[in-house]
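Asker: Just so you know, the sequences run in chain order P, L and Z.
Here our numbering is used: the first residue of the first sequence is 1465, the next is one more, and so on.
Here our numbering is used: the first residue of the second sequence is 1465, the next is one more, and so on.
Here our numbering is used: the first residue of the third sequence is 3, the next is one more, and so on.
Each residue gets a CB set at the ideal place from its N, CA and C atoms; glycine is no exception.
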Amino acid sequence: MSGSDRKVIEAILLLADEPVPATLIGEVLETSTVTVETLLKELAAAFRAEDRGFVLRSAAGGWRLYTAPECGPWLERFVRNHSHARLSGAALEVLAIVAYRGPISRAQIADVRGVDSDGVVKTLAGRGLVTEAGYETGPGSPVLFTVSSEFLERMGLGSLADLPPLKDFMPDAEAVEAMESRLSPNA
Amino acid sequence: MSGSDRKVIEAILLLADEPVPATLIGEVLETSTVTVETLLKELAAAFRAEDRGFVLRSAAGGWRLYTAPECGPWLERFVRNHSHARLSGAALEVLAIVAYRGPISRAQIADVRGVDSDGVVKTLAGRGLVTEAGYETGPGSPVLFTVSSEFLERMGLGSLADLPPLKDFMPDAEAVEAMESRLSPNA
Amino acid sequence: MTYEVRLDVFEGPIDLLLHLITRQRVDIYEVSLATITEEYLAAVAALPQTDLESATGFLVVAATLLELKSARLLPARRAADDDGHLMEERDLLLARLVECATFREAGTWLSGRMAAGAGFHGRSAGLEPHFVDLAPDLLARTSLVRIASAAARALAPRPASLLDMSYVALAGPSVKDAILELAGRLDGGGPASFDELCGRGTSRVAIVVRFLALLELFKAGAVDITQTHSFGDIVAVWTGEIPAGEVVAGAEEYTIDLGATGT
């Protein structure tokens, strides 16, 4: 019974080309999501224990089969056009702003950074990391951006709620004090 | 050694979307084809013995992972329910570009979109919406794509000439004008 | 203290300032704002090329730095509200620096996390052929309009981004106002030099506006202008022939207004 459920889950995962929500699998199996989640976790653990070439990961609200990172060097030639190009510092900064402040318009991003960032936003959109998410109500109704589910998947995050709190990245009191003293007229 | 080879083979099979010749795997692993064939047969037997949801079969001159036939009924349900029924934003864009600019090569599509679009083209081709239409004359003679007659039929178009003129959908001149007027001294 | 300007391409003024301010990890009492300002200006001068928008951004930050610097050099001038204003400017700048540093750090974290995720390649072989026919119709919710709009979006020539001037709130002084002001001073007040009419500490724009106002008055015949030699004092005297109101009515409006709407 549970063995057959496991088998169907494996088959579904093989067909899927994006993360599959446990609820969807539950519908197919006519089983509770909790049961499915348990089976998925067992399966992921089993693949790990068996040292398989594929791993089962949960990200972007679903489960999907991935190749084991250790196989990377051998897989290079099979992975066509996978953009491995590293993101620039500016791109990472904008990505962080969109992740934490999205939905956000180009102008608001530029406000935070103090510099026009349209080119960077376009690059990130082209890489599928940020995506348009409607329009702001207001003059000119500018486009709003959020991070994409592909971003969440690549980060291995279930949702934006899984991002660490922004305050973890704030410069510490000492650093802020140092900045302040350098800006003070009485320094 | 053989354990690690087995792992890489599994990873390769997970990535492949068509049968992979044993010789190709042999090149990657720097092993003889005979060794690879042996490993593949062992792996296929192991998957069967473990009653997996996927089976490894040799077909069309190579090896590929398929879903286990016994899972068919559940997979049909999964496919019917699956939300990837909707065209993703990227798929819609590629489809539109192929409709208006076809015959067009993958590289040209990527040029227009500023991002690699091979996966999307493959999906659209797999679903019968775009189709190969010869080869470009030129280096590498890349495949050219057009929308399929099924697409035309479904959209109620006699031919591509019946597509609505693109200029009707270009970003409105008004928005551009509004921006320009803000720059003029007597706004 | 030695400093070299690295030819980094800075992403805007805040980026540059953050770089300069965090780089100087020496005894903070030894570091003068002047040094930072000098480095800042040197770095700006070394920028390979900038567009007008980023150039103004750099200027704003540089101006703030210079103001802070001058306040430090001239302690006597530091009146209470000057100080308040300066502190406000500084706090604003500081807040932006902290915000920028925060997002930069967050970006670094994202980068590490993404690198860790890059080793995973998702299964994407898609549906096996015998399942394809079962899959729901991809075109079910697609209309020609959607296709055409998507094509237009993708194929539209990317316009060179236009300079957004919406934030430039440079509502200049009005020439008409200046005419009335000058008339008030000259009518019955005897001759006055242009310097006197402008007063001390008047901005360049205000001086230009007053000059235009004076010319309008002269053109209308309300004042006579004398200048004894080139670059000498311009002296204006009220003729009493034309009322100031008439001059105002006929004057061209030169108000310098760069389309500052809203802000």
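1. As a quick exercise: from L/G1590, L/L1507, L/T1495 and L/V1607, pick the residue whose alpha carbon is nearest that of L/G1598.
2. For chain P, find out if any of its Cβ atoms is closer than 9 Å to the Cβ of Z/L199; answer yes or no.
3. Measure how close the beta-carbons of P/L1621 and P/L1630 come, nearest whole angstrom, since I'm counting them as under 8 Å.
4. Any idea what DSSP makes of Z/I181, helix, strand or coil?
5. Under three-state DSSP, which class holds Z/G109?
6. Verify whether the separation of the beta carbon atoms of P/L1478 and L/L1529 is less than 9 Å.
7. Looking at chain Z, which residues of the segment 1517–1535 of chain P have a Cβ within less than 9 Å of any of its Cβ atoms?
8. Using the Cα positions of Z/F233 and Z/V46, report the straight-line distance between them to the nearest angstrom.
9. Using a Cβ distance threshold of 8 Å, determine whether the segment 184–199 of chain Z contacts the segment 230–249 of chain Z, with at least three qualifying pairs required.
10. For Z/G128, go through chain L and note every residue whose CB falls closer than 8 Å to its CB, in chain order.
11. Quick one: what's got a C-beta closer than 7 Å to Z/E218's C-beta in the same chain, skipping five residues either side?
12. Where does L/L1621 fall in DSSP's three states?
13. Can you tell me whether L/E1482 is buried or exposed? The criterion is at least 16 other CB atoms within 10 Å of its CB, across all chains shown.
14. Using a cut-off of 9 Å between C-beta atoms, extract the partners of L/E1474 located in chain P.
15. Whole angstroms is fine: what's the gap from Z/S168's alpha carbon to P/A1486's?
16. On the three-state DSSP scale, how would you describe L/T1595?
17. Taking 9 Å as the threshold (beta carbon to beta carbon), is P/R1618 in contact with chain Z?
18. In chain order, what residues of the same chain have a beta carbon less than 8 Å from the beta carbon of P/R1570, not counting five sequence neighbours either side?
19. Which one or two residues does DSSP pair with L/V1579 in a beta bridge?
20. Determine whether the beta carbon atoms of L/R1577 and L/E1557 lie at a separation below 9 Å.
21. What's the call for Z/D197, buried or exposed, on a 16-neighbour Cβ count within 10 Å?
22. Taking only beta-carbon atoms, is P/D1564 less than 9 Å away from chain Z?
23. Taking 8 Å as the line, does the beta carbon of L/G1525 fall inside it for any heavy atom of the ligand ATP?
24. Hey, does Z/L146 have any beta-carbon neighbour from chain L nearer than 9 Å?
25. Which residue from Z/E183, Z/F213, Z/A154 and Z/F133 puts its Cα closest to that of L/H1546?
26. Return no unless some Cβ of chain L is closer than 9 Å to the Cβ of Z/A125.
27. Less than 9 Å separating the beta-carbons of P/G1526 and P/V1484?
28. Taking the runs of the alpha helix (DSSP H) that are 4 residues or longer, which of them lie wholly in the segment 1480–1533 of chain P?
29. Using beta carbons (cut-off 9 Å, strictly below), is L/V1607 in contact with chain P?
30. Is there a Cβ from chain L that is less than 9 Å from the Cβ of Z/V158?
31. Name the chain P residues that come within less than 7 Å of L/L1478, Cβ to Cβ?
32. Less than 8 Å between C-beta atoms, sequence neighbours within five positions excluded: which residues of the same chain meet that for Z/C102?
33. List, from N- to C-terminal side, the beta strand (DSSP E) runs of 3 residues or more that fit wholly inside the segment 217–253 of chain Z.
34. How would you call P/P1635, buried or exposed, if buried means at least 16 neighbouring beta carbons within 10 angstroms?
35. Could you check whether L/A1532 and P/E1474 sit closer than 9 Å to each other, using their CB atoms as the reference points?
36. Nearest CA to the CA of L/F1542: which residue from P/L1488, P/E1540 and P/E1501?
Answerer: To lay it out plainly:
1. L/V1607
2. no
3. In fact, because the Cβ distance is near 15 Å, the residues do not count as touching under 8 Å.
4. helix
5. helix
6. yes
7. F1518, V1519, R1521, A1523, R1528, L1529, Y1530, T1531, A1532, P1533, E1534 and C1535
8. 35 Å
9. yes
10. D1481, K1586, T1587 and G1590
11. V177, I181, V249 and A253
12. coil
13. exposed
14. R1516, G1517, F1518, T1531, A1532 and C1535
15. Confidence in Z/S168 is poor, its pLDDT being 39 and thus under 50, which makes the residue's placement unreliable; the coordinate value appears in the next sentence. Straight-line Cα distance between these residues: approximately 49 Å.
16. strand
17. yes
18. S1581, D1582, V1585, P1606, V1607 and F1609
19. DSSP output for L/V1579 lists no bridge partner at all.
20. yes
21. exposed
22. According to the sequence as given, residue 1564 of chain P is Tyr; it is not Asp. Yes, P/Y1564 counts as interfacial toward chain Z.
23. As for the ligand ATP, it is missing from this structure, which has no ligand bound.
24. yes
25. Z/F133
26. Residue 125 of chain Z is actually Arg in this sequence, not Ala. True, the Cβ-Cβ gap to chain L drops below 9 Å.
27. yes
28. 1486–1493 and 1497–1513
29. no
30. The residue you asked about is not Val; residue 158 of chain Z is Ala in the sequence shown. Chain L contact via Cβ: present.
31. G1517, F1518, L1529 and T1531
32. I16, D17 and L20
33. 225–229 and 236–240
34. buried
35. yes
36. P/L1488
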